[in-house]
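There are 2 protein chains.
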Amino acid sequence: MPTATTRATARDKLLDGARKLMLAKGYPATTVDDICAEAGVSKGSFYHFFGSKEELGIAVLESFARQAARVLRGPYLEVSDPIERARGYLRHVDAVAEGLWRDGCLLGNFAVDLAETHPEIRDRVAGQFERLRSLAADLFRAVAQRARERRPQTAPSAEDLADHHIALIEGSILLARASGDWSHVARGLESFRRYVETLIA
Amino acid sequence: MPTATTRATARDKLLDGARKLMLAKGYPATTVDDICAEAGVSKGSFYHFFGSKEELGIAVLESFARQAARVLRGPYLEVSDPIERARGYLRHVDAVAEGLWRDGCLLGNFAVDLAETHPEIRDRVAGQFERLRSLAADLFRAVAQRARERRPQTAPSAEDLADHHIALIEGSILLARASGDWSHVARGLESFRRYVETLIA
DNA sequence: TTGACTAGACCGACTGGTTGGTATACATTC
DNA sequence: GAATGTATACCAACCAGTCGGTCTAGTCAA
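Protein chains in written order, with this note's numbering: chain R, 68 to 268; chain X, 68 to 268.
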C-alpha cells in the first residue's frame with residue numbers, strides 16, 4: 068500500500084530528474100525532453116504539472132533551497148557559547164558538504180546561467196543567498212567581535228565573513244567543476260576554518 | 068590609414084561581440100545569430116573565420132585568458148622582498164579588478180556552462196585555472212612560510228592560499244551576478260588581503 | 001452492488017519558431 | 001584572376017509548448 072511519501076509521483080520524478088540534469092549541464096542546456104526522458108515521464112505529464120520550463124526551474128530551485136536549509140541545521144544551534152557555536156557550524160558544514168554539493172550548487176548554476184535572462188529566477192537566487200548570508204553573519208558575529216579585539220586593523224565584520232564564506236564555497240564548487248576534482252570543496256571549507264581559527268587565536 | 072591594430076576586422080568584431088554576449092548570458096544562451104548581429108557582420112563571415120560555435124568559444128576563451136595574463140602582470144614583479152611582492156600583487160589585482168571582471172569572468176561562466184557538455188573547452192578552462200594557481204602559489208610562497216613560523220597549526224600552504232584566492236574571486240563574481248551588486252568583487256578581494264595581512268602579522 | 005459520471009493523472013503526436021551550420025553568389029584586394 | 005572576405009537564402013535538427021485523447025480512482029444515485 069504505497070503512501071503519499073513512499074510513492075514517487077510523476078511530479079517528484081520530474082523534479083528529481085530536472086535537479087540532476089540542471090546540476091550537471093546547467094539550465095539552458097537541459098531540455099524539457101531530456102527531463103521527461105530522465106524521469107521516465109511523458110511530455111504531457113510535464114505540462115500537466117508545470118506551466119513552463121521556467122516554472123519547473125523555480126520549483127527545483129525552491130526544493131534545493133529547502134533541502135539546503137534543512138541539512139544546514141544541526142546540533143551546533145544549541146551550543147550557548149557563540150564562538151563554539153560558530154566552530155560547531157563549520158564542522159557541521161564540513162560534514163554535510165559532500166551530500167549537499169557533490170554535484171554542484173543549483174544556486175550557483177542558476178546565478179551564472181539565468182541572471183541576465185530570467186529576472187524572476189535571479190531575484191529568487193539573490194534572496195536565497197541573502198538568507199544564507201544573514202544566517203552565517205549571525206553565527207560569525209562573535210568571531211568578528213573577538214577578531215576586532217585581537218587585531219582591530221585587519222578584522223572583518225560578521226557580514227564580511229559571511230560573504231567570504233559563501234563566495235569561497237561557490238568558487239570552490241566552480242573550480243571543482245572545472246578541474247573535475249571535487250576535493251576542492253572540502254579543501255575550501257577547511258581553508259575557511261583555518262582562517263576563522265587564525266582570527267580568534 | 069588604418070593599421071592592423073586600429074582597424075577592427077570582422078574577426079575581431081566577432082570575438083568582441085561574442086565575449087560581451089557570453090559574459091552576459093553565458094555560452095548556451097548566446098546564439099550565433101546574436102553574435103553576428105552584435106558584431107554587425109553576416110553569418111557567412113562568421114563561418115569564414117570560425118569552423119563552429121565551439122571553435123569561436125575556444126578563441127574567445129584564449130583571448131580572455133591572454134588579456135587576463137597581460138593585465139595581471141605589473142610592477143610588483145620587480146619587488147625583491149617576497150612578502151612585499153605578494154602585497155604588491157594583491158594591490159595590483161585590486162586596481163585592475165574592475166577592468167577585468169566588471170562583466171564577469173569567462174573562465175567561470177564556461178566552467179559552469181560547459182564542463183559536462185564540451186570536454187575540450189573544460190580542459191582548457193581547467194588549464195587556465197591551473198596556470199593562475201601556480202602563478203599565485205609562487206607569489207604566496209613566502210606568505211605561507213611566514214604563516215608557518217607564526218602559527219604552525221593553522222597555517223595554509225602556498226597552494227591552499229592560491230586556491231583560496233581564486234575561488235574567492237570566482238565566488239564573489241558569482242554573488243555579484245546574482246545580487247546585481249558588483250562591489251562584491253572588490254570586497255572579496257579586500258577580505259582576502261586582510262586574511263593575508265593577518266597571516267603575516 | 002452496480003453502473004453512470006467526473007476529475008485529475010498521464011500520454012505522445014504535432015506545431016511553429018529557432019538553432020547551428022551550409023551553399024552559393026558577389027565583392028574586394030593583391 | 002586568384003585568394004580572401006562578405007552576403008543571403010536555405011536546411012535539417014531541435015526546441016518549448018499544444019492538443020486531443022486515454023486511463024484510473026473515486027463519488028453517488030438507484
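All residues carry an ideal CB built from backbone N, CA and C; glycine is no exception.
Return the CA-CA distance between A96(X) and T184(R), expressed in angstroms with no decimal places. 9 Å
Is the CB of D83(X) under 8 Å away from at least one CB in chain R? no
Between E216(X) and chain R, is the shortest Cβ-Cβ distance under 8 Å, so that the two count as touching? With a threshold of 8 Å between beta carbons, E216(X) makes no contact with chain R.
Span of the alpha helix (DSSP H) around G247(X): Unbroken run through G247(X): none, as it is neither H nor E.
Between R154(X) and I240(R), what straight-line distance do the alpha-carbon atoms span, to the nearest angstrom? 27 Å
Given this structure, state the Cα-to-Cα distance separating E197(X) from H232(X), to the nearest angstrom. 13 Å
Could you tell me whether the Cβ of T221(X) comes closer than 8 Å to any Cβ of chain R? yes
Fully enclosed by the segment 113-154 of chain X, which alpha helix (DSSP H) runs are 4 residues long or longer? 120-139
Backbone secondary structure at T184(X) - three-state DSSP: coil
For V263(R), does the three-state DSSP call read helix, strand or coil? DSSP, read as helix, strand or coil, puts V263(R) in helix.
Assigned secondary structure, C103(R) (DSSP; H/G/I helix, E/B strand, else coil): Of the three classes helix, strand and coil, the one that applies to C103(R) here is helix, per DSSP.
Work out the CA separation of E226(R) and G255(R) for me, nearest whole Å. 19 Å
Rounded to a whole number of angstroms, what is the C-alpha to C-alpha distance between E257(R) and H251(R)? 10 Å
When we look at the beta-carbon of L157(R) and count the other beta-carbons within 10 Å, is it buried (16 or more) or exposed? buried
Short CB-CB distance (under 8 Å) between G255(R) and chain X: With its beta carbon less than 8 Å from one in chain X, G255(R) belongs to the interface.
Environment of P223(X) [buried if 16+ CB atoms lie within 10 Å]: buried
Tell me, please, whether the CB atom of I236(X) is closer than 8 Å to any CB atom in chain R? yes
Determine, using beta carbons only, whether T70(X) comes closer than 8 Å to chain R. Low per-residue confidence applies at T70(X): pLDDT is 32, beneath 50, and the placement is therefore not dependable, though the value from the model is reported in the following sentence. Contact of T70(X) with chain R is not assigned, every C-beta pair being separated by 8 Å or more.
Please state the DSSP three-state secondary structure of S224(X). coil
Report the rounded CA-to-CA distance for E105(X) versus E129(R), giving the unit in angstroms. 35 Å
If the cut-off is 7 Å on Cβ atoms, which residues from the segment 186-214 of chain X count as contacting chain R, listed in chain order? So the close ones are R189, V192, A193 and F196.
Taking all protein chains shown into account, do 16 or more other C-beta atoms lie within 10 angstroms of the C-beta of A182(X), making it buried, or fewer, making it exposed? buried
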